[in-house]
Amino acid sequence: MDVDGGSSSMGEEEKRKMMVVILVGAPGSGKSTFCDRVMRVSTRPWVRVCQDTISNGKSGTKTQCLTSAARALKDEKSVFIDRCNLDREQRADFVKLGSPQIDVHAVVFDLPAKLCISRMLQKKELPKLSEGFSRIAFCQNESDVQAAMSTYSALGPLDTLPSGCFGQKSSDAKIQLGIMKFLKKVDAPVNAESKGNSLQNNVTTEITKENYSRCKGPEDIARTSSKEEKEVEDLALSYADGCSSLNNIPTLAFPSISTADFQFDLEKAADIIVEKVSEFVTKLGNARLVLVDLSSGSKILSLVRAKAKQKNIDSDKFLTFVGRYNSTIFERRLKAGGGGVNAAIFSAAGPALEIATKERAGSLTPGKAVVVPLPSTSPLFSREGVTHVIHVLGPNMNPQRPNFLNNDYIKGCKVLREAYSSLFEGFAFIVRSQEALCKDRTVKLGSVLSESTVDFEISCMNQVSNTDQKFKREGVYESERNKKSKGCQEELGSNIIGATGGGDNAKNEKNNGGVSKAWGSWAQALYHVAMHPEMHKNDVMEISDDIVVLSDLYPKAKRHLLVVARFEGLDRLADASKDHLELLRAMHAVGLKWAEKCLIEDKTLVFRLGYHSAPSMRQLHLHVISQDFDSKHLKNKKHWNSFNTPFFLDSVDVIEEIDKCGRAMLKDDDRLLSMELRCHRCRSAHPNLPRLKSHIGNCRAPFAPSLLQNSRLVLGQNEDGTNR
DNA sequence: GTTCTAGAAC
DNA sequence: GTTCTAGAAC
Numbered sequence: 064m065d066v067d068g069g070s071s072s073m074g075e076e077e078k079r080k081m082m083v084v085i086l087v088g089a090p091g092s093g094k095s096t097f098c099d100r101v102m103r104v105s106t107r108p109w110v111r112v113c114q115d116t117i118s119n120g121k122s123g124t125k126t127q128c129l130t131s132a133a134r135a136l137k138d139e140k141s142v143f144i145d146r147c148n149l150d151r152e153q154r155a156d157f158v159k160l161g162s163p164q165i166d167v168h169a170v171v172f173d174l175p176a177k178l179c180i181s182r183m184l185q186k187k188e189l190p191k192l193s194e195g196f197s198r199i200a201f202c203q204n205e206s207d208v209q210a211a212m213s214t215y216s217a218l219g220p221l222d223t224l225p226s227g228c229f230g231q232k233s234s235d236a237k238i239q240l241g242i243m244k245f246l247k248k249v250d251a252p253v254n255a256e257s258k259g260n261s262l263q264n265n266v267t268t269e270i271t272k273e274n275y276s277r278c279k280g281p282e283d284i285a286r287t288s289s290k291e292e293k294e295v296e297d298l299a300l301s302y303a304d305g306c307s308s309l310n311n312i313p314t315l316a317f318p319s320i321s322t323a324d325f326q327f328d329l330e331k332a333a334d335i336i337v338e339k340v341s342e343f344v345t346k347l348g349n350a351r352l353v354l355v356d357l358s359s360g361s362k363i364l365s366l367v368r369a370k371a372k373q374k375n376i377d378s379d380k381f382l383t384f385v386g387r388y389n390s391t392i393f394e395r396r397l398k399a400g401g402g403g404v405n406a407a408i409f410s411a412a413g414p415a416l417e418i419a420t421k422e423r424a425g426s427l428t429p430g431k432a433v434v435v436p437l438p439s440t441s442p443l444f445s446r447e448g449v450t451h452v453i454h455v456l457g458p459n460m461n462p463q464r465p466n467f468l469n470n471d472y473i474k475g476c477k478v479l480r481e482a483y484s485s486l487f488e489g490f491a492f493i494v495r496s497q498e499a500l501c502k503d504r505t506v507k508l509g510s511v512l513s514e515s516t517v518d519f520e521i522s523c524m525n526q527v528s529n530t531d532q533k534f535k536r537e538g539v540y541e542s543e544r545n546k547k548s549k550g551c552q553e554e555l556g557s558n559i560i561g562a563t564g565g566g567d568n569a570k571n572e573k574n575n576g577g578v579s580k581a582w583g584s585w586a587q588a589l590y591h592v593a594m595h596p597e598m599h600k601n602d603v604m605e606i607s608d609d610i611v612v613l614s615d616l617y618p619k620a621k622r623h624l625l626v627v628a629r630f631e632g633l634d635r636l637a638d639a640s641k642d643h644l645e646l647l648r649a650m651h652a653v654g655l656k657w658a659e660k661c662l663i664e665d666k667t668l669v670f671r672l673g674y675h676s677a678p679s680m681r682q683l684h685l686h687v688i689s690q691d692f693d694s695k696h697l698k699n700k701k702h703w704n705s706f707n708t709p710f711f712l713d714s715v716d717v718i719e720e721i722d723k724c725g726r727a728m729l730k731d732d733d734r735l736l737s738m739e740l741r742c743h744r745c746r747s748a749h750p751n752l753p754r755l756k757s758h759i760g761n762c763r764a765p766f767a768p769s770l771l772q773n774s775r776l777v778l779g780q781n782e783d784g785t786n787r
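Each residue of the first sequence is one higher than the one before, counting from 64 in the numbering used here.
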């Protein structure tokens with residue numbers, strides 16, 4: 064039924080188009096049967112490549128499968144890859160068999176009953192189009208399998224199938240089931256592996272499309288002004304249409320912390336909310352805060368609204384939202400094991416979030432927030448446009464709950480203030496990073512959702528744990544850490560000029576306007592080359608009076624050159640002023656020239672020219688780096704983030720800023736270098752570097768919109784002379 | 001900047 | 001057991 068009838072007649076020069084169909088599923092999920100049945104009736108030539116039998120009937124290797132598949136394709140036969148292919152990495156090499164003449168499909172055997180067979184399946188990673196598939200068919204029951212079988216059986220030698228994702232509805236249903244179970248107070252399954260004892264008593268606001276669309280009617284927006292009503296409608300739109308970015312305003316939707324099950328005094332809580340909101344609302348740029356309470360006639364919302372009005376808080380920046388649900392639905396005690404609300408969130412957000420959260424939430428202490436980036440595999444990310452979940456632990460005043468504060472409101476208020484500060488700081492930091500990534504927000508309609516929409520969910524926890532060490536990990540913004548952080552922290556939106564390059568150099572820093580700094584001996588290599596290029600003739604590709612060009616000794620991509628300034632005393636960008644504009648323009652021109660040279664050799668490359676906000680190596684140098692990031696030297700998060708967060712400053716922007724303001728807007732913040740790993744094309748998040756590298760090897764999404772503007776990317780040309 | 005390595009995570 | 005990260009030393 065999915066056969067594209069139109070494509071079966073391709074004109075006189077009928078070109079046979081092959082297919083690689085990668086079967087994804089557990090052992091025994093029906094992959095082999097699927098192949099057998101299709102091949103029995105199909106008029107199209109098929110070859111089944113089965114790892115279990117490839118070696119003379121015995122189990123073989125992946126390489127054997129690849130060789131066999133390539134051979135079949137050469138013979139103009141389509142191929143079934145019959146092995147588990149459960150994770151992206153396992154699939155990647157087979158996806159690479161694709162070409163303009165070879166479509167790559169996935170048929171996913173995601174049958175619930177069989178998913179429990181093996182532990183390995185807990186790791187399964189459902190395929191996504193961004194891996195390089197032109198078509199993915201999900202089968203979640205026998206009739207889906209039958210339908211897919213008919214589809215492939217009906218394919219003649221010249222037929223093709225339409226591209227896209229098919230049959231995912233039941234997957235969504237499964238996700239929604241988790242949320243709906245939670246909404247309907249039905250016990251969700253308990254995850255036996257979860258460290259639930261530290262996750263008890265969660266109070267979570269789960270904002271789904273369904274919630275919002277059901278809340279949209281005027282009767283649901285209790286006691287709001289007409290303006291608020293309109294804004295709330297907008298908010299609903301923002302969630303409902305997150306994917307198409309109809310509403311570009313980054314939004315933090317957060318519940319009142321500690322006022323429900325933790326029984327924090329409402330009057331005091333409302334004062335703190337308004338105090339903290341008024342403190343942060345001016346620092347959030349165009350972002351806005353929305354206090355959500357899902358109980359009808361919410362007292363806390365009325366109090367906050369009244370106090371916010373008294374304080375004249377900008378009603379465009381701070382909104383309240385009332386749902387009609389009984390609060391007990393959202394604030395329920397969880398069993399040890401992380402069931403209930405957590406399970407609902409995790410079933411919606413996927414196992415990667417669970418892993419990330421488990422790691423961080425175990426050490427959450429009151430007043431602290433933990434930001435968990437949603438992984439690319441999370442349906443909350445892909446469906447709702449939610450990019451992060453922030454967990455906050457508030458003070459507990461409820462004697463019935465562990466670790467209660469025994470009516471100590473001095474401490475309670477302090478902790479609650481901290482909780483809101485941590486929450487808003489975490490939000491502000493991410494907003495700032497996102498804004499820097501997409502400087503021209505107005506042109507992003509229709510872009511990848513995560514690029515332009517920063518939406519959040521908040522969950523609150525109340526179980527105290529005494530270990531804090533895990534906060535050293537990424538994505539955690541808590542007050543102690545912020546206090547320890549260097550530089551201009553008093554204003555979140557500020558740039559930190561001339562701060563440390565990190566590591567042991569920090570202690571040598573003389574912060575006299577942020578220009579001076581001692582460099583380790585290992586950081587002098589470029590300086591020596593710049594001062595004595597004649598001694599490095601083998602390494603240097605070009606020498607002039609002002610500039611030397613060399614290939615980075617540890618390239619982080621297929622091509623990675625450095626254009627180094629030869630001025631003594633110009634150690635890094637922080638030292639550059641209007642006096643150096645001409646030099647910077649010359650460096651850019653030379654960088655462009657070399658990028659273009661490289662593009663003649665390899666037209667598929669795309670280059671970016673820019674500076675590190677805080678370089679590790681002495682002597683101002685411009686990176687000219689191809690955007691494949693295909694290099695064994697790209698080894699850690701810092702490497703990636705130094706080229707793929709606002710820490711990397713595009714040469715064009717640097718020149719513009721120095722021209723206008725006399726200095727470059729440095730983004731020297733260690734937190735940028737330890738941010739979550741996100742693909743520079745589709746902006747999806749990945750749990751570790753190997754996984755990210757595997758993703759970027761296959762991601763064919765267009766580059767993030769901000770990169771496509773202002774000539775930040777240098778692309779090759781098509782044969783007709785137009786830019787690619 | 002890299003290398004090495006302990007220990008955490010899986 | 002293997003993979004991955006992060007901190008120390010250079």
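By construction, the Cβ of each residue, glycine as well, lies at the ideal position given by its N, Cα and C atoms.
Keep in mind it's a predicted model, so treat the numbers as computed, not measured.
Would you mind sorting VAL104 into buried or exposed? The rule is 16 or more other CB atoms within 10 Å of its CB.
As a working mapping, residue 104 is identified with position 41 in the first sequence. Exposed is the call here.
Where LYS362 and CYS476 are concerned, what is the direct C-alpha to C-alpha distance, given to the nearest angstrom?
Position 299 of the first sequence, counting from 1, holds the residue named residue 362. Position 413 of the first sequence, counting from 1, holds the residue named residue 476. For LYS362 and CYS476, the distance between alpha carbons rounds to 19 Å.
Which first and last residues belong to the beta strand (DSSP E) in which THR96 is found?
To locate residue 96, count along the first sequence from 1; it is residue 33. That residue, THR96, is in no beta strand (DSSP E); its alpha helix (DSSP H) goes 94-104.
Rounded to whole angstroms, how far is the Cβ of SER321 from the Cβ of ASN469, which I believe are closer than 8 Å?
The residue labelled residue 321 in the question sits at position 258 within the first sequence. The residue labelled residue 469 in the question sits at position 406 within the first sequence. With 8 Å as the limit, SER321 and ASN469 do not qualify as a contact, their Cβ atoms being about 15 Å apart.
I'd like the list of long-range same chain contacts for GLU330, defined as Cβ closer than 7 Å, with 5 residues on each side in sequence excluded.
Position 267 of the first sequence holds residue 330. Only LEU366 meet the Cβ criterion.
Which complete beta strand (DSSP E) runs does the segment 722-773 hold, if anything under 3 residues is left out?
none
Could you tell me if THR345 is buried or exposed, where buried requires 16 or more neighbouring beta carbons within 10 angstroms of its beta carbon?
Walking along the first sequence from the start, residue 345 turns up at place 282. Label assigned to THR345: exposed.
Below 6 Å CB to CB, which residues in the same chain sit around GLY230 once its five sequence neighbours on both sides are set aside?
By 1-based counting over the first sequence, the position of residue 230 is 167. Within the same chain, GLY230 has close Cβ partners ALA200, PHE201, ASP207.
Measuring only the C-alpha atoms, how far is VAL332 from LEU479?
Translated into the one-based positions of the first sequence, residue 332 becomes position 269. Translated into the one-based positions of the first sequence, residue 479 becomes position 416. Before going on, a small fix: residue 332 reads as Ala here, not Val. Roughly 8 Å between the two C-alpha positions.
Please report the Cβ distance between ALA132 and ILE144, rounded to the nearest whole angstrom; I am assuming they are in contact, meaning their Cβ atoms lie under 8 Å.
Indexing the first sequence from 1 puts residue 132 at position 69. Indexing the first sequence from 1 puts residue 144 at position 81. At roughly 6 Å, the Cβ-Cβ gap stays under 8 Å, so ALA132 and ILE144 are in contact.
With distances taken Cα to Cα, identify the nearest neighbour of ALA677 among PHE692, GLN690, SER705, CYS661.
Residue mapping note: residue 677 aligns to position 614 of the first sequence, counting from 1. Closest by alpha carbon: SER705.
So the alpha helix (DSSP H) LEU149 belongs to, where does it begin and stop?
Here residue 149 corresponds to residue number 86 of the first sequence, with the count starting at 1. No alpha helix (DSSP H) contains LEU149, which DSSP labels as neither H nor E.
Counting only the same chain and skipping the five closest in sequence on each side, list residues whose C-beta sits under 6 Å from that of SER226.
Against the first sequence, residue 226 aligns to sequence position 163. The residues are SER197, ARG198.
Can you round the beta-carbon distance between ARG151 and GLU194 to whole angstroms, since I take them to be within the 8 Å contact cut?
As a working mapping, residue 151 is identified with position 88 in the first sequence. As a working mapping, residue 194 is identified with position 131 in the first sequence. That belief holds up - the Cβ atoms of ARG151 and GLU194 are roughly 6 Å apart, short of 8 Å.
Looking at the unbroken beta strand (DSSP E) that takes in ASP691, where does it start and where does it end?
The count along the first sequence starts at 1 and reaches residue 691 at position 628. Careful: ASP691 lies outside any beta strand (DSSP E) and carries neither H nor E.
Should HIS743 be listed as close to the ligand SAH, given that the test is whether its C-beta is under 6 Å from any heavy atom?
Summarising the ligand content, the structure contains no ligands, and the ligand SAH is consequently not present.
Does the separation of the CB atoms of ASP602 and LEU613 fall below 7 Å?
Sequence index remark: in the first sequence, residue 602 carries index 539 (1-based). Sequence index remark: in the first sequence, residue 613 carries index 550 (1-based). Cβ atoms of ASP602 and LEU613: closer than 7 Å.
Inspect the beta-carbon positions of LEU633 and ILE721 and report whether they are closer than 7 Å.
Taking the first sequence and counting its residues from 1, the one referred to as residue 633 is at position 570. Taking the first sequence and counting its residues from 1, the one referred to as residue 721 is at position 658. Taking 7 Å as the Cβ cut-off, LEU633 and ILE721 do not qualify as a contacting pair.
Since ALA628 contacts GLN682 with CB under 8 Å, what's their CB separation in whole angstroms?
Reading the first sequence from its first residue, position 565 is the one you call residue 628. Reading the first sequence from its first residue, position 619 is the one you call residue 682. Correct: roughly 7 Å between the Cβ atoms.
From the DSSP output, in three-state form, read off GLN780 for me.
In the first sequence, counting from the first residue as 1, residue 780 sits at position 717. Reduced to three states, the DSSP call for GLN780 is strand.
CB VAL158 to CB ASN761, shorter than 7 Å?
Reading the first sequence from its first residue, position 95 is the one you call residue 158. Reading the first sequence from its first residue, position 698 is the one you call residue 761. Contact: yes.
Hey, would you say ASP713 sits closer than 7 Å to ARG775, going by beta carbons?
Sequence index remark: in the first sequence, residue 713 carries index 650 (1-based). Sequence index remark: in the first sequence, residue 775 carries index 712 (1-based). Contact: yes.
Which same chain residues end up closer than 6 Å to ARG111 when comparing Cβ atoms and leaving out the 5 residues on each side of it in sequence?
Numbered from its first residue, the first sequence carries residue 111 at position 48. Same-chain partners within the cutoff: CYS98, PHE143, ASP145.
Keeping to the same chain, check which residues put their C-beta closer than 7 Å to that of PHE487; ignore five residues upstream and five downstream.
For the purposes of this step, residue 487 is identified with residue 424 of the first sequence, where counting begins at 1. Closer than 7 Å at the Cβ level, and outside the excluded window around PHE487, lie LYS339, PHE343.
Specify whether the segment 646-664 and the segment 751-771 touch according to this definition: at least 3 beta carbon pairs, one from each stretch, less than 8 Å apart.
No: the two stretches stay apart, fewer than three of their Cβ pairs being nearer than 8 Å.
Express the C-alpha separation of VAL87 and LEU788 in angstroms, rounding to a whole number.
Residue 788 falls outside the range modelled here, since the chain spans only 64 to 787, and no answer is possible.
Buried or exposed: GLN463, going by 16 or more other Cβ atoms within 10 Å of its Cβ?
Sequence index remark: in the first sequence, residue 463 carries index 400 (1-based). The residue is exposed, with fewer than 16 neighbouring Cβ atoms inside 10 Å.
Would you list the one or two residues that DSSP bridges to THR383?
The residue labelled residue 383 in the question sits at position 320 within the first sequence. LEU354, per the DSSP bridge assignment.
Should LYS701 and LEU647 be called a contact, given that it needs their Cβ atoms to be closer than 7 Å?
As a working note, residue 701 is residue 638 in the first sequence. As a working note, residue 647 is residue 584 in the first sequence. No; because the gap between Cβ atoms is not below 7 Å, this pair is not in contact.
Skipping 5 residues on each side, what residues in its chain have a beta carbon closer than 7 Å to that of LEU192?
Working through the first sequence from its first residue, we reach residue 192 at position 129. Within the same chain, LEU192 has close Cβ partners ILE199, CYS228.
Quick one: residues in its chain with C-beta nearer than 8 Å to the C-beta of VAL715, no 5 flanking neighbours on either side, listed in chain order?
In the first sequence, residue 715 corresponds to position 652, counting from 1. Closer than 8 Å at Cβ, skipping near neighbours: HIS651, LEU672, ASN773, SER774, ARG775.
With respect to the alpha helix (DSSP H) encompassing TYR674, which residues constitute its N-terminal and C-terminal limits?
By 1-based counting over the first sequence, the position of residue 674 is 611. TYR674 -> not in any alpha helix (DSSP H); beta strand (DSSP E) instead, spanning 669-675.
Indicate the three-state DSSP secondary structure (helix, strand or coil) for LYS121 in the structure shown.
The residue you call residue 121 lines up with position 58 of the first sequence. In the structure shown, LYS121 sits in a strand (DSSP, three-state: E or B).
Enumerate in chain order the residues of its own chain whose CB-to-CB distance from ASN751 is below 8 Å, with the five nearest sequence positions on each side excluded.
Taking the first sequence and counting its residues from 1, the one referred to as residue 751 is at position 688. Answer for ASN751: LEU740, listed in chain order.
Mind checking whether ASP609 and LEU625 have CB atoms under 7 Å apart?
Sequence index remark: in the first sequence, residue 609 carries index 546 (1-based). Sequence index remark: in the first sequence, residue 625 carries index 562 (1-based). No.
Below 8 Å on the Cβ atoms is my contact criterion, and I expect GLN153 with ASP173 to pass it. Report the Cβ-Cβ distance as a whole number of Å.
As a working mapping, residue 153 is identified with position 90 in the first sequence. As a working mapping, residue 173 is identified with position 110 in the first sequence. That belief does not hold up - the Cβ atoms of GLN153 and ASP173 are roughly 16 Å apart, past 8 Å.
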